[in-house]
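For reference, the structure discussed in these notes is given below.
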Amino acid sequence: MQILSQLKSLKRFTDLYKRRWVSRSCTDVKDVELTKELKHCIEKHWCKYLNQKQFNDTALGNKFYVLSMFPYPSGNLHMGHVRVYTISDAIARFQRMCGKNVFHPMGWDAFGLPAENAAIQRGIEPKVWTERNIAQMKQQVTDLGCSFDWSHELNTCSLEYYKWTQKLFLMLYNEGMAYQNEALVNWDPVDKTVLADEQVDDNGCSWRSGAKVEKRLLKQWFIKSTAYAKQLLEGLDDCTLKDWRDIINLQRHWIGECNGYSFQLLTSGSNYLRVWTAQPEHFKDPNAFVVLKTEHYLGKVAQDEVHMTVENPFTGTIMPLIFSNEPAFPEKCDVYLAAPNFREEDKELQRSLSLSFFADNELNFESLKVVDLRNDVLETAGRLKLGGYSVSSKLQDWLISRQRYWGTPIPIIHCDKCGAVPVPDSQLPVRLPEKSAFKSAVKDILECSCPKCGNTAARPETDTMDTFFDSSWYYLRYLDANNKHEMFDKRLAHQCMPVDLYIGGKEHAVLHLYYARFINHFLHSQGLVPTQEPFSRLLVQGMVMGRSYRVKGSGRYVQEHEVEIVNAKRNQAIMKETKEPVVISWEKMSKSKMNGVDPTDMFREYGTDTTRLIILADVAPTSHRNWSNATFPGILNWQKRLWRMVNEFCDLRSSPESCKIDINSIEFKAEEDKLFDARNFYIKGVTFNYRHAYQLSVAISKMQGLTNSLKRASKSTQVFSKEYERSLAAQLIMLAPMAPHFTSELWSKFVSAPNRLNTSPTDFNWETDVLAQRWPEIDQQYKVDLTVKVNGFENCIIKIARSHIDNVTHNDALDLAFNTDSVTSYLIDKKIRTTNFALYPGIEAVLNIYVDKVKQEKSNSRATTGSKEGGAIV
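No gaps in the numbering here: position 712 of the sequence shown is 712 in UniProt numbering, and each next residue is one more.
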């Protein structure tokens, strides 16, 4: 027993030693200045201890899935990357400290034109170029201090990923959702590939190359995304979507009002023709015919020539296809369904086009019920898989074919006997050939056996998929990135989806989000994911803007050192040499505009954590960030104040006899009370902005406020006050998600200070590092706010003890508000239209009361005045 006891004591000592060694300061010298060299030393020391706690996929009851849009591996981070990944990392670290099982993955959107074009220019393979860039960017992201779960890393150009992208395509194909069709498409003459309508801007130019897009008639692969149009539109009203703000309007505008129905009919030329109509009952007209805009086929046919026909499956008749620009086509639609027996204008159109070959028909359509005819058409269309789903006239199916090498191969075999044949699952992945073999058209590459009949002269599909298809489902593969048997584990998907917070740029608010939503809706219909919508909360971060300088007249961009500022306030400048006037403006950072900032230079000059704090400070994540070194001093000085504060604390605790005070005195108690209020007030503000508002710049301001409160404390308070100790600890813990290296060093100093007071063990774990601490909470006896607003104006604030706030209901809040003089006097003779209540557990509550607006001027005045009045205290 004695030996066993000694072994246990030895183990406890060893474990404690390990923990203390991990949390050991790397700057034992006192009174040292916080220089950039010291920051680099701190970051080099602590980087290996920052990412030890990762996602536990066996205990998913408390999960938090935070996802940042994965990057294209260009080889270098830019400040936009720094911003989005710093935001996601700060929130991921915060949620871990709150006890959440955080999933924070990272990967690479690796296929696409930029890599292929760059490889061609350099004479190397796209695969080599891409993998080299991934390695370089991964190191940069690691240097940024991000806590990504690299065990779930994925790469869209790897066989392990695109095998399942091909499987997803085949799932769509087998459900009749993928088809090949000859269509008039957008051709980029620079990148030499087809573009979806979504990838052409309002000026008719390519979204990537900027070239004027041409129209070409080509056979392409489409995904029938319009089949989910109404579902996707209605999904925008899903109550689980939070903070989508104007993104919802962008999505609504893109999808359009689903005020008609789309049908896919087969022409005599073995092609599919999409016919959109607001009156599907018109298909019941035996004399119906279809009009195509003349330019639909590049103007190669005469205006009145009957080019081909299409079967009308709803009447069993054949409808001619007429080329004409005469009808009033629906919005952004080049197909018109004419029904002479239903519309007088169509009868006139029939006459004007001399369609005398139509048979006479004496059916009295007026005696038939339109609703019955419509229902019959829609039912028949559904049964025959011809469409009949609700959609806007402008929304088109998703064109995924790309005539480029560097992309996911489309898993289809073309056989002269069998037509288009899907590759069997057992033969996936269809491998991307080596570039050299592909270019030389080796027979083994361009010929294969038909999986259906064995024909050895079959041909593989040579088009590759649009990279938006790769990124339409990556958030699901992350969950199970190493699964060799299926796309992802259905159990994991049902426990981890939807994504709790999705962070990315507004430039992806239409295309990527639309495609990702569509794929998730489709997979939900297959029972593979638990919800239709893939992303609950959306944080769309603003761009990082750089100050650019252009010579007035020529518009030539020049570098800052070439310019002389004449009047900074008025943005007036001239060229130093030529004295030409220069236009100063804020624009998205770009090499071509000479206004970019290299993150590596920032890390070298200021340190990683300082760069992280600078990118988060001053403006909300959703706002554009004007990058200017004029904003740097605030963060630099704050770090120096914290550095001195912790060092001074350690110094004072080393020699407590130098400060004598009566801890029972009124003065000492008053200082402790101030620190108690400050600590709770700023914990409340910081927590709210980390957890609910995601206004991380405001969280920084709140933390700076706590720093000022600590700075005002007397030396004797620093030595003898438990409240000071708790407040300083809270300060470091709240800063840790944003500046993990810096606060790890400060914490190691703080916990190693001698004569530490007997702070409650429930507050902190002194034997672990700062990132393993539990997030500080507001004290139970501290009174938090129930804010009452009337028509959006703050009327009063009712103080409620923290221990009671979580139990306050909507009705409780109404009772408390109506028992407050400022509210009841304001509501006299006013009719309440509605009320709503928001509870932020442990932090605050807000009651909104909306009344009929009577004499708005007085209402506003009284509401504002009311905010200064006292409220009830519970």
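Note that beta-carbon positions come from the ideal geometry of N, C-alpha and C, so glycine has one too.
| Query | Result |
| --- | --- |
| Could you name the residues of the same chain whose beta carbon sits closer than 6 Å to that of Lys-417, not counting the 5 residues immediately before and after it, in chain order? | Cys-453, Asn-455 |
| Quick check: the Cα distance between Lys-300 and Met-308, rounded to an integer number of angstroms? | Note that Lys-300 has pLDDT 43, beneath the 50 cutoff, so the model's placement of it is unreliable and the number below is only indicative. Lys-300 and Met-308: Cα-Cα distance of roughly 14 Å. |
| For a quick check, are the C-beta atoms of Asn-680 and Tyr-782 less than 8 Å apart? | yes |
| So, Ala-229 versus Leu-38, is the Cβ gap smaller than 8 Å? | no |
| Name, in chain order, the residues that DSSP records as bridge partners for Asn-133. | Paired residues: none, contrary to the question. |
| Closest to Phe-818 by CA distance: which of Asn-807, Ile-805, Ile-832 is it? | Ile-832 |
| Do you know whose CA, among Trp-108, Tyr-606, Ser-716, lies nearest Asn-629's CA? | Tyr-606 |
| Taking the alpha-carbon positions, what's the Lys-552 to Val-846 distance? | 52 Å |
| Whole angstroms is fine: what's the gap from Trp-164's alpha carbon to Gly-382's? | 29 Å |
| With a cut-off of 8 Å, do at least 3 Cβ pairs link the stretch 135-146 to the stretch 165-178? | no |
| Are Ser-151 and Gln-54 close, meaning C-beta to C-beta below 8 Å? | yes |
| What are the boundary residues of the alpha helix (DSSP H) that Leu-233 is part of? | 229-235 |
| Given the structure, does Thr-835 come close to the ligand HEM, in the sense that its CB is under 7 Å from one of the ligand's heavy atoms? | Within the structure as shown, the ligand HEM is missing, as the structure has no ligands at all. |
| Would you grab the beta carbon distance between Ser-206 and Leu-195 for me? Rounded to a whole angstrom, and I think it's under 8 Å. | 6 Å |
| Which residues in the same chain have their Cβ closer than 7 Å to the Cβ of Val-213, if we skip the five residues on either side of it in sequence? | Asn-186, Trp-187, Asp-188, Leu-195, Val-200, Gly-204, Cys-205, Ser-206 |
| Contact criterion: CB-CB distance below 8 Å. Does Asn-629 meet it with respect to chain B? | Judged by its chain identifiers, the structure shown contains no chain B, having just a single protein chain. |
| Whose C-alpha, out of Ser-88, Ser-74, Pro-460, is nearest the C-alpha of Gln-136? | Ser-74 |
| If you follow the beta strand (DSSP E) that Leu-771 is part of, which residue opens it and which one closes it? | It is not in any beta strand (DSSP E) - Leu-771 carries neither H nor E in the DSSP assignment. |
| Taking only runs that begin and end inside the stretch 80-119, name each unbroken beta strand (DSSP E) of 3 or more residues, in chain order. | 101-103, 105-108 |
| Can you tell me which of the three DSSP states His-485 falls into? | coil |
| The alpha helix (DSSP H) spanning Tyr-840 covers which residue range? | From DSSP, Tyr-840 is part of no alpha helix (DSSP H) but of the beta strand (DSSP E) over 832-840. |
| Within 10 angstroms of its Cβ, does Cys-239 collect 16 or more other Cβ (buried), or is it exposed? | exposed |
| Can you give the Cα-Cα distance for His-485 and Ser-426, rounded to whole angstroms? | 11 Å |
| Within a Cβ cutoff of 6 Å, which residues of the same chain sit near Ser-472, ignoring the five residues on either side of it in sequence? | Tyr-515, Ala-516, Ile-519 |
| Return helix, strand or coil for Ala-288, following the three-state DSSP convention. | coil |
| Just to confirm, are Leu-265 and Gln-251 a CB contact at a threshold of 8 Å? | no |
| Ser-401 and Trp-221 - do their beta-carbons sit closer together than 8 Å? | yes |
| Per DSSP, Arg-547 forms a beta bridge with which residues? | Trp-586 |
| Applying the criterion that 16 or more other CB atoms from any shown protein chain within 10 Å of the CB defines a buried residue, is Asp-829 buried or exposed? | exposed |
| Taking one C-beta from the stretch 620-628 and one from the stretch 528-544 each time, how about it: are there three or more such pairs within less than 8 Å? | yes |
| Could you tell me if Thr-824 is buried or exposed, where buried requires 16 or more neighbouring beta carbons within 10 angstroms of its beta carbon? | exposed |
| For Trp-254, report the span of its alpha helix (DSSP H) as first-last. | 246-255 |
| Taking Cβ positions, are Ala-338 and Leu-349 nearer each other than 8 Å? | yes |
| What are the start and end residues of the alpha helix (DSSP H) that includes Tyr-162? | 159-174 |
| Whose C-alpha, out of Asp-334, Trp-586, Pro-498, His-78, is nearest the C-alpha of Tyr-474? | Pro-498 |
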